[in-house]
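Just so we're aligned: the sequence shown equals residues 1 to 318 in the numbering used here. Even for Gly, the Cβ is constructed at its ideal location relative to N, Cα and C.
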Amino acid sequence: MASSATRQLYIYQRLTSGNHISKSEIQEVFTVDARTAQRDFANIREFIADYLNDYNLEYDAKLHAYHLDNQGLGLSKAQCLALIKVLLASRSLARKELEPLIKKLVALLTASDQKDIKPIIQSELSQYVELSHLKDTKLLEAIYTFSKLILQKATITITYTTQRHKIVTRTVAPIALTFSDYYFYIVSYNYEFKKNIIYRLDRILDWSFASDEIPLNERMPFDIGNEKKKFQLMYPGKPITVQFKYTDIVEAALDKFPISRTIKKLGEQTFLLEVTTYDTGALMWFLSQKDMVTIINPPEFRQKMKETLQAMLANYTS
Numbered sequence: 001m002a003s004s005a006t007r008q009l010y011i012y013q014r015l016t017s018g019n020h021i022s023k024s025e026i027q028e029v030f031t032v033d034a035r036t037a038q039r040d041f042a043n044i045r046e047f048i049a050d051y052l053n054d055y056n057l058e059y060d061a062k063l064h065a066y067h068l069d070n071q072g073l074g075l076s077k078a079q080c081l082a083l084i085k086v087l088l089a090s091r092s093l094a095r096k097e098l099e100p101l102i103k104k105l106v107a108l109l110t111a112s113d114q115k116d117i118k119p120i121i122q123s124e125l126s127q128y129v130e131l132s133h134l135k136d137t138k139l140l141e142a143i144y145t146f147s148k149l150i151l152q153k154a155t156i157t158i159t160y161t162t163q164r165h166k167i168v169t170r171t172v173a174p175i176a177l178t179f180s181d182y183y184f185y186i187v188s189y190n191y192e193f194k195k196n197i198i199y200r201l202d203r204i205l206d207w208s209f210a211s212d213e214i215p216l217n218e219r220m221p222f223d224i225g226n227e228k229k230k231f232q233l234m235y236p237g238k239p240i241t242v243q244f245k246y247t248d249i250v251e252a253a254l255d256k257f258p259i260s261r262t263i264k265k266l267g268e269q270t271f272l273l274e275v276t277t278y279d280t281g282a283l284m285w286f287l288s289q290k291d292m293v294t295i296i297n298p299p300e301f302r303q304k305m306k307e308t309l310q311a312m313l314a315n316y317t318s
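Given below as structure tokens:
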């Protein structure tokens, strides 16, 4: 006959896996009487009350079985599905990192919830197209490492591949980690250039602690929550407030620029909007909107938009 410790470990494992378990199951599996099974559940309840204060052992009268109530601390199948959908849509991870992560999220659910979730995500997961340059990149480990470096206020030297595929070495002080449009970015203070610069995390080939620290009082402040509201495509540029006519679903433009407002309605689907942002990334977004955008103010930004469009047109006139 199995010992009481073996029986109670079995019960505990089944409960923490999200299962309902009855006294009759214990009696059948371990060939014990009802009183012994009841005593096992009593011991489990006492253990949970003493050491797992966020959980309760509940009895379901309809099923005649016990289950573990986590008082809302667990992950529901709806929450799990939402997280997986965001991960898949972001395309931010290589398949070799994404699949184990999704598997571990699903494993947090009960067996019945897992059966509900798996068919929903299977098709999208099988069709997942990873970004080609991420295949050999361990982003999850890098995200954790750089988050710790930010908290430590460390000064590091990185080996970095630029947009033009040039390998450079930079000594920086990481300030913030953020995500935008498929990629994770590290905002870092660069002492050589005396400003905060954004580095794409997957382009950092290597790093080490720098021999000389960048003094804390010489680093530029950076509020990731406030500044990210102004970034478009992670190109900071110069701060600017732009007024423009927008002919389409106005919420799409307002959502793209968190610091924004509608000045007035100009027509059936045309609005005069105002946004506060940075010029470089904003210009790129405005250009992506075809003829739905007309810049009104400031005049110098309107002129820059016009010159860019003329240069683009010149590419097709020869």
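List the DSSP bridge partners of residue i.
i: Val172; result: Ile156, Asn190
i: Asn217; result: DSSP lists no partner for Asn217.
i: Tyr183; result: Ser180
i: Asn297; result: Gln243
i: Lys195; result: Asn190
i: Ile209; result: One detail in the question is off: residue 209 reads as Phe in this sequence, not Ile. According to DSSP, which records beta bridges pairwise, Phe209 is partnered with Ile156.
If you follow the alpha helix (DSSP H) that residue i is part of, which residue opens it and which one closes it?
i: Pro119; result: 111-126
i: Val129; result: No alpha helix (DSSP H) contains Val129, which DSSP labels as neither H nor E.
i: Asp279; result: 279-287
i: Lys256; result: 250-256
Helix, strand or coil: which one does DSSP assign to residue i?
i: Tyr144; result: helix
i: Glu268; result: coil
i: Thr317; result: coil
i: Arg45; result: helix
i: Ile84; result: helix
i: Val106; result: helix
i: Arg261; result: strand
i: Glu274; result: strand
i: Gln8; result: helix
i: Ile204; result: strand
i: Gln243; result: strand
i: Lys238; result: coil
i: Thr162; result: coil
i: Ile150; result: helix
Using the C-alpha atoms, what's the distance from residue j back to residue i?
i: Leu108; j: Val242; result: 46 Å
i: Glu28; j: Ser126; result: 41 Å
i: Leu105; j: Asn315; result: 49 Å
i: Phe257; j: Val187; result: 20 Å
i: Tyr55; j: Asp69; result: 6 Å
i: Ile259; j: Gln269; result: 21 Å
i: Tyr199; j: Lys103; result: 30 Å
i: Thr308; j: Asp116; result: 51 Å
i: Ile214; j: Ala176; result: 16 Å
i: Pro298; j: Pro239; result: 12 Å
i: Phe41; j: Ser112; result: 23 Å
i: Leu88; j: Glu124; result: 8 Å
i: Lys166; j: Leu205; result: 12 Å
i: Arg45; j: Tyr182; result: 46 Å
i: Asp248; j: Leu140; result: 38 Å
i: Ala65; j: Phe47; result: 18 Å
i: Pro221; j: Lys306; result: 34 Å
i: Leu273; j: Val86; result: 29 Å
What residue does the beta strand (DSSP E) around residue i start on, and which one ends it?
i: Lys23; result: Looking at the DSSP string, Lys23 is not in any beta strand (DSSP E); the run it does join, the alpha helix (DSSP H), is 23-30.
i: Thr137; result: Per DSSP, Thr137 belongs to no beta strand (DSSP E) and is neither H nor E.
**Study point:** beta strand (DSSP E) segments (min. 3 residues) lying fully within the stretch 49-82
**Key:** 56-60, 65-69
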